[in-house]
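Yeah, the sequence shown ends on 302 if you go by my numbering, and it's all consecutive. The beta carbon of each residue, even a glycine, is placed where N, CA and C say it ideally should be. All figures in this text were calculated on a predicted structure; none of them were measured in a lab. A short worksheet on the structure shown next.
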Amino acid sequence: MNTSQLETLLARFPALTLLVVGDYFLDLYLEIDAALAETSLETGLEVHQVVRVRRAPGAAGTVTSNLRALGANAIALGVIGADGNGYELTRALAATGVDIAPMIKSRERFTPTYAKPLRDGRELNRIDIKNRAPLPREIEDAVTAQLRDLAPRVSGVIVVDQVQEANCGVITDRVRDEIAALARGRIVVAESRERIGLFRGVIVQANAREARGAIGLESIEACGAALYRQNNRPAIITVGAEGILVFDAAGATRIAAAAVRGPLDTVGAGDSVVAAFAAALCAGARPRAAAEIGNLAAAVT
2 MNTSQLETLL ARFPALTLLV VGDYFLDLYL EIDAALAETS LETGLEVHQV VRVRRAPGAA
62 GTVTSNLRAL GANAIALGVI GADGNGYELT RALAATGVDI APMIKSRERF TPTYAKPLRD
122 GRELNRIDIK NRAPLPREIE DAVTAQLRDL APRVSGVIVV DQVQEANCGV ITDRVRDEIA
182 ALARGRIVVA ESRERIGLFR GVIVQANARE ARGAIGLESI EACGAALYRQ NNRPAIITVG
242 AEGILVFDAA GATRIAAAAV RGPLDTVGAG DSVVAAFAAA LCAGARPRAA AEIGNLAAAV
302 T
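Structure representation (structure tokens):
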């Protein structure tokens, strides 16, 4: 892909609207000043003093942030609690220009939250707030109803299955089946930390660990080929500094990563890839060209 082709594709992004369905987390950063540490009179333990609080959309919210940064429009469909973290998450999403109208609020659920204490620029032990009970049937009904309503009206769909505990996040077995039914004739790209091998009829993105866990083979090439066969749709596997492997009817192709120098932090690179890859497909790119754009976005991240 040359510069002119890249610019043509990127120029189409503002006309796109993608639905991002899945697990939205609040990333809550608590910056601690070590010089202000106190000792608790009650316990004798050190008390961390927070001097700055930052909030950002995480998990599926990272994908919507990437879409907005690329110039595409994003609609958020997830489940949050009727709590303060839910308020902060929807406010952070809206601040990036994401359509939050379809988000489902429930008093039965926590708003998934990653609380990240930071001291001297280093992240301490993270505190996770997650739902560890299955998604109630009535909330599944609401998610599937929104999917059926929104999918025909958007350029494409991105599925983000972040929660490790089966059926405790938004992408339950039943919601996954609904996604498979809606994927016929549409661009649907799915990523999943633990269950990418359970998706059918969609384009899948995985990293090497996820692909091996899904297929049970050591060879990344064999895993990618198997994911392509079971979906009959392209599959991509991100392999860090080695780029992206694309699997489609033409076989396997390695798309080289963009060269990046200096200290690196790879957190969020995969979410950049899925946003850019899906948007490029919706803009008319073939899978290999879309993977090139995914690599460029990951390099920036």
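Quiz item: In chain order, what residues of the same chain lie with their CB nearer than 7 Å to the CB of valine 205, ignoring the 5 residues before and after it?
Solution: Closer than 7 Å at Cβ, skipping near neighbours: Ala191, Ile197, Leu228, Asn232 and Ala236.
Practice problem: Kindly indicate which three-state DSSP category threonine 18 falls into: helix, strand or coil? | Solution: Three-state result, threonine 18: strand.
Exercise. Per DSSP, which residues does valine 203 bridge with? Please list them.
Key: Paired residue(s): none; valine 203 is not in a bridge.
Quiz item: With burial defined as no fewer than 16 other Cβ atoms inside 10 Å of the residue's Cβ, what is the status of isoleucine 256: buried or exposed?
Solution: Residue environment: isoleucine 256 is assigned as buried (16 or more neighbouring CB atoms within 10 Å of its CB, all protein chains considered).
Quiz item: The beta strand (DSSP E) with alanine 257 in it runs from where to where?
Solution: Taken as a continuous stretch (DSSP letters only), alanine 257 belongs to no beta strand (DSSP E), as it is neither H nor E.
Exercise. Just the C-alpha distance for valine 21 and alanine 95, rounded to the nearest angstrom, thanks.
Key: Separation of valine 21 and alanine 95 (C-alpha to C-alpha, rounded to the nearest whole angstrom) is 14 Å.
Practice problem: Would you list the one or two residues that DSSP bridges to serine 107? | Solution: Serine 107 is bridged to Gly82.
Self-check item: Runs of alpha helix (DSSP H) lying entirely within the segment 88 to 161, each at least 4 residues, in chain order
Solution: For the segment 88 to 161, whole alpha helix (DSSP H) runs of length 4 or above, ordered along the chain, are 138 to 151.
Quiz item: Would a C-beta distance cut-off of 9 Å place valine 144 and valine 171 closer than the cut-off?
Solution: Yes; because the gap between Cβ atoms is below 9 Å, this pair is in contact.
Quiz prompt | CA nearest to the CA of valine 80, picked from Ile180, Ala73 and Ala61 | solution = For valine 80, the closest alpha carbon among the candidates Ile180, Ala73 and Ala61 is that of Ala61.
Quiz item: Should glycine 23 go down as buried or exposed, given a rule of 16 or more other Cβ atoms within 10 Å for buried?
Solution: In the assembly as shown, glycine 23 is a buried residue. Its beta-carbon has 16 or more other beta-carbons within 10 Å.
Exercise. Starting from the Cα of alanine 70, find the closest Cα among Ser107, Leu29, Phe14 and Leu90 and give me that residue.
Key: Selected option, being the one with the closest Cα: Phe14.
Quiz item: Tell me which same chain residues have a C-beta within less than 7 Å of the C-beta of asparagine 194, skipping the five on either side of it?
Solution: A quick correction: the sequence has arginine, not asparagine, at residue 194. Taken in chain order, the residues that qualify are Asp162, Gln163, Gln165 and Glu211.
Quiz item: Quick one: what does DSSP say proline 58 is sitting in, helix, strand or coil?
Solution: Of the three classes helix, strand and coil, the one that applies to proline 58 here is strand, per DSSP.
Quiz item: alpha helix (DSSP H) containing glutamate 8: first to last residue?
Solution: First-last of the alpha helix (DSSP H) with glutamate 8: 4 to 13.
Quiz prompt | Rounded C-alpha distance that separates valine 48 from glutamate 39 | solution = If I take the Cα positions, the gap works out to 5 Å.
Exercise. Would you tell me roughly how many angstroms separate the C-alpha atoms of serine 5 and serine 107, rounded to the nearest one?
Key: So the two alpha carbons sit approximately 47 Å from each other.
Quiz item: For asparagine 3, does the count of other Cβ atoms within 10 angstroms reach 16, so buried, or fall short, so exposed?
Solution: An exposed status is given to asparagine 3, since fewer than 16 other beta-carbon atoms sit within 10 Å of its beta-carbon.
Quiz item: When you compare only the Cα positions, how much space is there between isoleucine 33 and alanine 292?
Solution: C-alpha separation (whole angstroms): 39 Å.
Quiz item: With 16 as the cutoff for other CB atoms within 10 Å, does arginine 154 come out buried or exposed?
Solution: Arginine 154 comes out exposed.
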